[in-house]
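**Student:**
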Amino acid sequence: MTVPSRHRAPSRISSIPRKLAPGPGGSPPTEQPAAAWRQPDFNDQGWSQGRAGFGTEGTPNATIGTEWKTADIWLRRSFDVPAGNREPQVLRWHHDEDAEVYLNGELAAKASGFLQDYENREILAPALATLKPGRNTIAIHCHQTTGGQYIDVGLVSAADSEILKYGDQNQANGLAEGNPLIPGLFADPSAAKFGDTYYIYSTTDGFGWPTGRWVVWKSRDFVHWSFQGESFPEITGQQNWAPGVPVYRDHRYWLPYTLHGREGRIAVADQPEGPFHDAFANPIVNDIDSELFIDDDGTPYVVWGRPMPSINRLKPDFSAVVPPPTRVDFHQGYVEGPFLFKRKGVYYLCGANLGYAEYRINYSMGDSPIGPFRFPADNFIVKPDPADNLWGTGHGNVLCVKDRDEWVVIYLRSRMGEKVDPFMEGGNVYRQVCADRFSFNADGTIQRHGPTRKGVGRLGPSTERGVNLALGKRATASSALRRYGPEKAVDGGFGTRWITGDAQALETWWQVDLGKVSRVERTEISFNYPTELTPYTLRWSTDGITWQLYADHTNDSIHESPKVDRQAVKARFLRVVFTNAVANKIPSGLWEFKAFDER
Ligand SMILES: [Ca+2]
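Take this note's numbering: the last position of the sequence shown gets the number 667, and nothing is skipped along the way.
1. What is the DSSP secondary structure of Arg667, reduced to helix, strand or coil?
2. Could you tell me if the beta carbon of Trp608 falls within a distance shorter than 7 Å of some heavy atom in ligand 1?
3. Thinking just about the alpha-carbon of each residue, which of Gly569, Tyr618 and Ala388 is nearest to the one in Pro655?
4. For the putative contact between Leu582 and Arg640, defined by C-beta atoms under 8 Å, what is the C-beta separation to the nearest angstrom?
5. Going along the chain, which residues of its own chain have a beta-carbon closer than 7 Å to the beta-carbon of Asp624, five neighbours each way excluded?
6. Report the residue from Arg144, Thr131 and Thr265 whose alpha carbon sits nearest the alpha carbon of Ser116.
7. My understanding is that Arg590 touches Val632, with C-beta atoms under 8 Å, so please give their C-beta distance in whole angstroms.
8. Where Ala260 and Val466 are concerned, what is the direct C-alpha to C-alpha distance, given to the nearest angstrom?
9. Any contact of the stretch 401 to 416 with the stretch 337 to 353, i.e. 3+ C-beta pairs under 8 Å?
10. Near Lys522, what residues of its chain come up, given a Cβ to Cβ distance below 6 Å and the 5 sequence neighbours on each side ignored?
11. Which value, in whole angstroms, describes the spacing of the CA atoms of Ser387 and Glu426?
12. Name the two residues that bound the continuous alpha helix (DSSP H) containing Pro194.
13. Please classify Tyr186: is it buried, with 16 or more other beta-carbons within 10 angstroms of its beta-carbon, or exposed?
14. Decide if Ile626 is buried, meaning its Cβ has at least 16 other Cβ atoms within 10 Å, or exposed.
15. Which residues in the same chain as Ser95 place their Cβ atom closer than 6 Å to its Cβ, once the five residues preceding and following it in sequence are excluded?
16. Check Ile593 in the structure and name its three-state DSSP category.
17. Below 7 Å, is the gap between the Cβ of Ala557 and the nearest heavy atom of ligand 3?
18. Let me know the secondary structure DSSP gives Tyr186 once reduced to three states.
19. Between which two residues does the beta strand (DSSP E) harbouring Lys410 extend?
20. Please report the distance separating the alpha-carbon of Met484 from that of Trp459.
21. Can the beta-carbon of Gly417 be found closer than 8 Å to that of Val396?
22. For Gly561, verify whether its CB is less than 7 Å away from any heavy atom of ligand 1.
23. Might you give, ordered along the chain, the residues of its own chain that have their beta carbon closer than 7 Å to the beta carbon of Phe441, omitting 5 neighbours on each side?
24. Roughly how many angstroms lie between the CA atoms of Asn457 and Gly118, to the nearest whole one?
25. Short check: CB of Val149 to CB of Pro201, under 8 Å?
26. Which residues mark the beginning and the end of the beta strand (DSSP E) in which Leu382 is found?
27. So, helix, strand or coil for Arg288, using DSSP?
28. Tell me the residue span of the beta strand (DSSP E) that contains Gly439.
29. For Arg281, which residues from the same chain have a beta carbon less than 8 Å from its beta carbon, with the 5 sequence-adjacent residues on both sides left out?
30. Helix, strand or coil, according to DSSP, for Ala455 in the structure here?
31. With DSSP as the reference, identify every bridge partner of Thr605, one or two as the case may be.
32. In angstroms, rounded to a whole number, what distance separates the CA positions of Arg189 and Leu253?
33. Bridge partners for Gln579 per DSSP, in chain order?
34. Given that a residue counts as buried once 16 or more other Cβ atoms are within 10 Å of its Cβ, and exposed if not, what is Gly636?
35. Count the other CB atoms within 10 Å of the CB of Asp364; is the residue buried (16 or more) or exposed (fewer)?
36. Return the CA-CA distance between Gly528 and Val315, expressed in angstroms with no decimal places.
And the structure:
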């Protein structure tokens, strides 16, 4: 079995075993391999490969990369430890049931019974002593007797095991970077413009597999984005993914999306921001990532699925496909997220390519909506830029500002700016939405202008009012997670955030010192998880000792971002107090805090 380049399976450990013991065609073994199986120099060339974790669907908190349903499994994986890495290492594992783990041949941990979730475990001293710069080998045996079963084991630094709970963050190079576009963890974006307003449709990320509340962001200038309210009330908390660009027809907005991680459905709404409801009882296709395309003569198509993109004509009312599908051999590492657009008579079939750190979007060109398609050299609309540490730039769509023939690619950036090994998947449900421009050569091929940190900039008259007095000022907090300092909430960028270092505290706070007493008329707060409710109060002070109330959202019930409060005061200090730090297990945090001198 080859290792699939998929980005949706979150495995929460950094060094994941990927070799199963021998068995024909990748089937798990039934007998113990030779006694030397745990030794580093054991020849495992004959073993088949599979992606971690191993087990059966339905085991609590298991993420199945490879099904394992026999009584025993033996796993091996080699991994490299960078020179100079002296961070303390722990095992992070989830076993159901009995497990024994060896590091370079020495017993590192052994336990009987089962866990309910991933946990850290100290490595036994003799095994820890074998850990060295360069190549190391981890070997695992897990035994199953009854019920659910699962095994996944890796090594993490003690600090990283904490980071993995929240995802690492983008490392901004300076103040006020335009990418990511919106404050929060979102993926698989599509963008549209209706009237004078731009809209972003995307998967809500950062909650693991089920994904979170579904919202539509809007903006008139493509720089200042906000949302208010639920956009699809019926599908909160399921595997609902990759909402596509809505099509406007018969005074309504028809939007393709993926439900339960497999059904391609059509939702419909009276407004582009919803609320959307299922248009039909049945899915139109049974796979992920559908997008609609309407040709100039009005014929509707849907493009969808994997392992290669399929294109179907749709019935005029969008209720079902007209078979058969045209399957396009994209043959260049296509994985998912296909979409189709047309410019100057050329049809561009595009798709998300490769995965993880190497995730990207490529394109092909055809003379009809169902091809045949040709693949120009270097046919990427966006791809990672290692020189600027921008990785995992994939799965999105394009937007045309029609009257100007200006083109924008909107895409996700994964693992928050860090390069990710495919087996180091902890960050891959912590994705963010970015956008960059691209243009066309005379022969119709595409010229990239990204990825960049500055992003697209304005695509309409600015909606900014006033000066952000908090930008770059001194920020402090009751505590902070390592790498998530309070200053990250006043750097003007949505790739960085402050997160409390004490998620168990009953009350946490973050504050900014504006440097001098200043006239503040409005504040805008972008909370850690913008789609969830964050109870808070905002207070102001001239001396940092005596505080007065600016706004009280202790009993807030409106899902929106940013949170905007208005009051004219003369203040030097502003303090956000989180009254319930662990609502829904979400730690207090801020992507950005802004204070303006205009209402
Ligand atoms: Ca920030």
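In this text, a Cβ means the ideal position worked out from N, Cα and C, and glycines have one as well.
**Tutor:** Result, derived from the coordinates:
1. Within the sequence shown, residue 667 is the residue found at index 599, counting from 1. DSSP places Arg667 in coil when its eight states are reduced to three.
2. For the purposes of this step, residue 608 is identified with residue 540 of the sequence shown, where counting begins at 1. No; taking the cut-off as 7 Å, the Cβ of Trp608 has no heavy atom of ligand 1 nearer than that.
3. The sequence position of residue 655 within the sequence shown is 587, counting from 1. The option with the nearest alpha carbon to Pro655 is Gly569.
4. Counting from one through the sequence shown, the residue named residue 582 turns up at place 514. Counting from one through the sequence shown, the residue named residue 640 turns up at place 572. About 5 Å separates the beta carbon of Leu582 from that of Arg640, a gap short enough to meet the 8 Å contact definition.
5. Taking the sequence shown and counting its residues from 1, one reaches residue 624 at position 556. Same-chain partners within the cutoff: Leu601 and Pro603.
6. The sequence position of residue 116 within the sequence shown is 48, counting from 1. Ser116 has its Cα closest to that of Arg144, out of Arg144, Thr131 and Thr265.
7. As a first step, residue 590 is located in the sequence shown; it is residue number 522 there, counting from the start. As a first step, residue 632 is located in the sequence shown; it is residue number 564 there, counting from the start. With a Cβ gap of about 7 Å, Arg590 and Val632 count as contacting.
8. As a first step, residue 260 is located in the sequence shown; it is residue number 192 there, counting from the start. As a first step, residue 466 is located in the sequence shown; it is residue number 398 there, counting from the start. In a straight line, the C-alpha of Ala260 is about 9 Å away from that of Val466.
9. The stretch 401 to 416 and the stretch 337 to 353 do not touch, with fewer than 3 CB-CB distances between them shorter than 8 Å.
10. As a working note, residue 522 is residue 454 in the sequence shown. Same-chain partners within the cutoff: Gly246.
11. Here residue 387 is taken as the residue at index 319 of the sequence shown, counted from 1. Here residue 426 is taken as the residue at index 358 of the sequence shown, counted from 1. Distance between the alpha carbons of Ser387 and Glu426 is about 36 Å.
12. Residue mapping note: residue 194 aligns to position 126 of the sequence shown, counting from 1. From DSSP, the alpha helix (DSSP H) with Pro194 extends over Ala193 to Leu196.
13. The residue given as residue 186 occupies position 118 in the sequence shown. Per the 10 Å Cβ criterion, buried.
14. Position 558 of the sequence shown, counted from the start, is the residue given in the question as residue 626. By the 10 Å Cβ count, Ile626 comes out exposed.
15. In the sequence shown, counting from the first residue as 1, residue 95 sits at position 27. Bear in mind that the predicted position of Ser95 carries a pLDDT of just 43, short of 50, making it too unreliable to give a figure here.
16. Locating residue 593 in the sequence shown gives position 525, counting from the first residue. Strand, per DSSP.
17. By its list of ligands, the structure shown excludes ligand 3, since it contains just ligand 1.
18. Numbered from 1 along the sequence shown, position 118 holds the residue referred to as residue 186. Correct three-state label for Tyr186: coil.
19. Start at 1 with the first residue of the sequence shown, and residue 410 comes out as number 342. Segment Tyr402 to Arg411, the beta strand (DSSP E) holding Lys410.
20. For the purposes of this step, residue 484 is taken as the residue at position 416 of the sequence shown. For the purposes of this step, residue 459 is taken as the residue at position 391 of the sequence shown. Unreliable placement is indicated for Met484, whose pLDDT of 47 sits below 50; the coordinate value is still reported in the next sentence. So the alpha carbons of these two residues sit roughly 8 Å apart.
21. Locating residue 417 in the sequence shown gives position 349, where the first residue counts as 1. Locating residue 396 in the sequence shown gives position 328, where the first residue counts as 1. Note on residue identity: the sequence assigns Leu, not Gly, to residue 417. The answer is yes: Cβ separation under 8 Å.
22. As a position in the sequence shown, residue 561 is number 493, starting the count at 1. Yes - ligand 1 has a heavy atom lying nearer than 7 Å to the Cβ of Gly561.
23. To locate residue 441, count along the sequence shown from 1; it is residue 373. Excluding sequence neighbours, Phe441 sits near Val396, Leu417, Ser432, Met433 and Gly434.
24. Counting from 1 along the sequence shown, the entry for residue 457 is found at position 389. Counting from 1 along the sequence shown, the entry for residue 118 is found at position 50. Cα to Cα, Asn457 sits roughly 29 Å from Gly118.
25. Counting from one through the sequence shown, the residue named residue 149 turns up at place 81. Counting from one through the sequence shown, the residue named residue 201 turns up at place 133. Yes, these two residues count as a Cβ contact at 8 Å.
26. Position 314 of the sequence shown, counting from 1, holds the residue named residue 382. Counting along the chain, the beta strand (DSSP E) containing Leu382 begins and ends at Ser378 to Leu382.
27. Counting from 1 along the sequence shown, the entry for residue 288 is found at position 220. Arg288 falls in the coil class under three-state DSSP.
28. Position 371 of the sequence shown holds residue 439. From DSSP, Gly439 is part of no beta strand (DSSP E); its letter is neither H nor E.
29. Sequence index remark: in the sequence shown, residue 281 carries index 213 (1-based). Thr272, Glu298, Thr304, Gly305, Thr599, Glu600 and His627.
30. The count along the sequence shown starts at 1 and reaches residue 455 at position 387. In this structure, Ala455 counts as helix in the three-state DSSP scheme.
31. Against the sequence shown, residue 605 aligns to sequence position 537. DSSP lists Asp620 and Val645 as partners of Thr605.
32. Along the sequence shown, one-based indexing puts residue 189 at 121. Along the sequence shown, one-based indexing puts residue 253 at 185. Taking the straight line from one Cα to the other gives about 29 Å.
33. Stepping through the sequence shown from its first residue, residue 579 is reached at position 511. Its beta-bridge partners are Thr544 and Arg643.
34. As a first step, residue 636 is located in the sequence shown; it is residue number 568 there, counting from the start. Per the sequence shown, residue 636 should be read as Ala rather than Gly. Exposed, since its Cβ has fewer than 16 Cβ neighbours within 10 Å.
35. Taking the sequence shown and counting its residues from 1, the one referred to as residue 364 is at position 296. Per the 10 Å Cβ criterion, exposed.
36. To locate residue 528, count along the sequence shown from 1; it is residue 460. To locate residue 315, count along the sequence shown from 1; it is residue 247. Rounded to the nearest angstrom, the two C-alpha atoms are 22 Å apart.
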